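For reference, the structure is listed below as C-alpha cells.
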Amino acid sequence: MQMKSVPITQAVLDKIDRQRQGPMPPEIIKLKEEIEQQTQLGEKMYVLTGGMHPALIQGVVDMKLRLDGLYAKWLEEG
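Residues in the sequence shown are numbered from 1 upward in steps of one, following UniProt numbering.
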C-alpha cells in the first residue's frame, strides 16, 4: 500500500506541534464539539428555511475565535 503524500503547509506543521504537546485539553475538545453541533444546526436550518439566523452565525464565529485563543494558550504552555 502506497502512502499518500501530504504537502507541508503551515497547517500540517501546526498539527505536528499540537501532537507533540500531548492530548488536547478538555476545554478545547468540548468547544470543538459545541462548534460542530452549532454548525450542523445551521446547515439544517439553511436546508429547511433557505437562510440562517445572524445570531447563530455570530455565535459560531465567536466560538471559533475563542478556540483560536485556547489553541494559542495550549501551545504556549507546552
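For glycine and all other residues, C-beta sits at the position ideal for the given N, C-alpha and C. Note that the structure is a prediction, hence the values are computed from the model and not measured.
| query | result |
| --- | --- |
| Which listed residue (Val60, Lys73 and Ile16) has its alpha carbon closest to that of Lys40 | For the sequence presented, residue 40 should be read as Gln rather than Lys. For Gln40, the nearest C-alpha among the options comes from Val60. |
| Distance CB(Glu43)-CB(Leu70) smaller than 8 Å | no |
| Residue from Gly22, Gln10 and Val47 whose Cα sits closest to the Cα of Glu76 | Gly22 |
| 6 Å Cβ shell around Leu56 - same chain, five flanking residues per side excluded | Gly42 |
| Inter-residue CB distance, Leu67 and Leu31 (contact presumed, cutoff 8 Å) | 5 Å |
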